[in-house]
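Chemist:
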Amino acid sequence: MRLRTALCSTASALSALALLTGCNSGSGTASSSSDAPLVGVDYPRSDTDFWNSYIKYTPEFAKQLGLSLKTTNSQNDVAKLTANAQTFISQGVKGIAMAPQDTAAIAPTLAQLEAKKIPVVTVDTRPDTGKVYMVVRADNRAYGEKACTYLGTKLGGKGKVVMLQGDLSSINGRDRTEAFNDCMKKNYPGIKVFGEATNWDGAVAAQKLQTDLTANPDIKGVYMQSSFALSGTLQVLKQKGLLVGPKDNKHVFVVSNDGIPEELKDIAAGQIDATVSQPADLYAKYALYYLKAAIDGKTFQPGKTDHDSTIVKVRDGLLEDQLSAPLVTADGGTYGGIPSLKSDDKSLWGNNLG
69 MRLRTALCST ASALSALALL TGCNSGSGTA SSSSDAPLVG VDYPRSDTDF
119 WNSYIKYTPE FAKQLGLSLK TTNSQNDVAK LTANAQTFIS QGVKGIAMAP
169 QDTAAIAPTL AQLEAKKIPV VTVDTRPDTG KVYMVVRADN RAYGEKACTY
219 LGTKLGGKGK VVMLQGDLSS INGRDRTEAF NDCMKKNYPG IKVFGEATNW
269 DGAVAAQKLQ TDLTANPDIK GVYMQSSFAL SGTLQVLKQK GLLVGPKDNK
319 HVFVVSNDGI PEELKDIAAG QIDATVSQPA DLYAKYALYY LKAAIDGKTF
369 QPGKTDHDST IVKVRDGLLE DQLSAPLVTA DGGTYGGIPS LKSDDKSLWG
419 NNLG
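Residue numbers (this note's numbering): 69 to 422.
1) Counting pairs of beta carbons, one from the segment 232 to 248 and one from the segment 309 to 323, are three or more of them closer than 8 Å?
2) Can you look up N152 in the DSSP assignment and give me helix, strand or coil?
3) Provide the residue(s) that pair with P407 in DSSP beta bridges, ordered along the chain.
4) Nearest to K184 by CA position, among V200, Y354, P285 and L135, is which residue?
5) With H, G and I counted as helix, E and B as strand and the rest as coil, what does DSSP make of D115?
6) For D389, write down the residues that DSSP places opposite it in a beta bridge.
7) Here's the rule: buried if 16 or more other CB atoms are within 10 angstroms of the residue's CB, otherwise exposed. What is S93?
8) If we ignore side chains and look at the alpha-carbon of each, how far apart do K333 and E182 end up?
9) Do K360 and G108 have their beta-carbon atoms positioned less than 9 Å apart in this structure?
10) Cβ atoms of S114 and I123: under 9 Å apart, would you say?
11) How many angstroms separate the CA atom of Q233 from the CA atom of N141?
12) Nearest by alpha-carbon distance to D207: which of V380, N420 and G327 is it?
13) Please report how far the alpha carbon of A398 lies from the alpha carbon of T221, in whole angstroms.
14) Where N317 and P187 are concerned, what is the direct C-alpha to C-alpha distance, given to the nearest angstrom?
15) Excluding the 5 residues flanking L416 on each side, which residues of the same chain have their C-beta closer than 7 Å to its C-beta?
16) Within the continuous alpha helix (DSSP H) that includes L232, where are the two ends?
17) Over the uninterrupted beta strand (DSSP E) stretch that includes A165, give me the two end residues.
18) Using DSSP's beta-bridge definition, name the partner residues of E9.
Here it is as structure tokens:
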């Protein structure tokens, strides 16, 4: 499939196609060609199914795009990410993809890389300040809005829900939290939201959910801002006798974010109700695509793409390719005007892992 982005120069169209299909003049492998551009990819963590899927996809797309690859893992630690960036510099990389979890503290590292003319693509997160070549990310406010609309519809605009937040030092945690709260306040004022900060920690999320359910046994909804909380949430609901099918009056409606295989299976089984599928495969694909484009000197401007996304200008010097992230449900229905895909839809990356 041909990638048709809003390139500033139409003269680069053929080379953009070659980029996407892997039909470049290199050997087609990630590491064996001496003339394959060397890029660095820092994995933010390897303790979640979502990021492990991203890690799996990255070398596959590097090979497809004719890139030589160096990788590190910063383990959710901005100090390690900074050190890993220094390692990449010493290795002579031509570009770096990273997913900084602390989106404020990464600014000095971005400034250093900019000074050295090493282009950076950030994946999943957007830096609070500083410039990068491109942000590859889904619309995280839409995550919160979709979760809110689904729960608001299912609860008929009344009741209590728990929001298991990620980390408010992350733009993702802030976007999802603010959008969920704004949507509830505007569209479902009869629903009370218990917001719980968890720092993307599953054990913390489970403990806070248990506390909320003990104090408010009439809670009828849970919004997990990521699948990090999936296992603990199901365990708590089971302990409380609430892990029952959606037709049971005791059922607690659960919405997640990520779209990992386990979530899709749990939706089909009636244990959770919905997720927003965050595209782990496309994050890897387009992070590397934009690194190759940066190395080749291409430029982009805001506009629609033909991979079902939109490049938007976030601020001066910062563009973001907002990839599609569909709502996923058991029935593939439309909720509050928001369409969804069925959990067994083969277009979902979570149904296509080898």
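The C-beta atom is built at its ideal place from N, Cα and C for all residues, glycine as well.
Bear in mind the structure is a predicted one, so any value in this text is a computation, not a measurement.
Modeler: The short version:
1) no
2) helix
3) T402
4) V200
5) coil
6) V204 and I379
7) The predicted position of S93 is uncertain, since its pLDDT is 28 and thus under 50; no value can be drawn from it.
8) 43 Å
9) no
10) yes
11) 24 Å
12) V380
13) 15 Å
14) 54 Å
15) G327, L332, S345, V396 and L409
16) Segment G227 to Q233 is the beta strand (DSSP E) holding L232; no alpha helix (DSSP H) there.
17) I164 to M166
18) Here the chain covers residues 69 to 422 and nothing more, so residue 9 does not appear.
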